[in-house]
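Participant: Going from the sequence shown to this note's numbering is simple: count from 1 and add 5.
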Amino acid sequence: MAIAIDEDHYPVVFVHFQNATTLEDTEKYLSHFQGWLSKQDRFGIILHQSHAEDGNTDEVAEAHRLTVQWAKKNKQQLTEYCAGIALIVERVEDLAERETMVPKIIQTVFGCAGQAFGNPAAAELWIQQQIAKTSL
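(1) May I ask you to report which of helix, strand or coil DSSP gives residue 49?
(2) Between which residues of its own chain and residue 86 is the CB-CB distance below 7 Å, once the five residues before and five after are set aside?
(3) Per DSSP, which one or two residues make a beta bridge with residue 63?
(4) Output needed for residue 17: all residues of its chain with C-beta closer than 6 Å, excluding positions within five of it in sequence on either side, in chain order.
(5) So with Cβ pairs under 9 Å, would you call residue 29 a contact of chain D?
(6) Taking only the alpha-carbon atoms, compute the straight-line gap between residue 125 and residue 12 and give it to the nearest angstrom.
(7) Using the Cβ count rule (16 or more neighbours within 10 Å means buried), how would you classify residue 39?
(8) Count Cβ pairs between the stretch 73-91 and the stretch 103-115 that sit closer than 8 Å; are there 3 or more?
(9) Pull up the distance between the alpha-carbon of residue 103 and that of residue 94, whole angstroms please.
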């Protein structure tokens, strides 16, 4: 398993894919995601993926398809309970492009706010603000 899920600071959840996405990791992530939705409470996710470019492109594409299908099926709950998804971008040179793309992609796929960050502290602050803003 190359995924670590830290729920110790719930409603802020930390998810770290330590290598390229695999189907097994994606299924584990979506299973946890389903659990967070079932709590029917606002939460946010900080998503960090190391070495994403190292993977099997067919498996990454299949994992992406699985995630999109799952999100489409759960869109109403996602919009209601997911306060936001913050994506940690490791390569500084990718940050500007991701800051533009990530909010649109996350909003379209998951129905919640999204943003890209260059460091975990900024991502966590943003997620806490999103949860506070949407809990009012």
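Every residue gets a Cβ at the ideal spot worked out from N, C-alpha and C, and that includes glycine.
Facilitator: Working from what's here:
(1) strand
(2) 42, 45, 46, 47 and 48
(3) Beta-bridge pairing links residue 63 to no other residue.
(4) 49 and 132
(5) No chain D appears in this structure, which consists of one protein chain only.
(6) 15 Å
(7) exposed
(8) yes
(9) 8 Å
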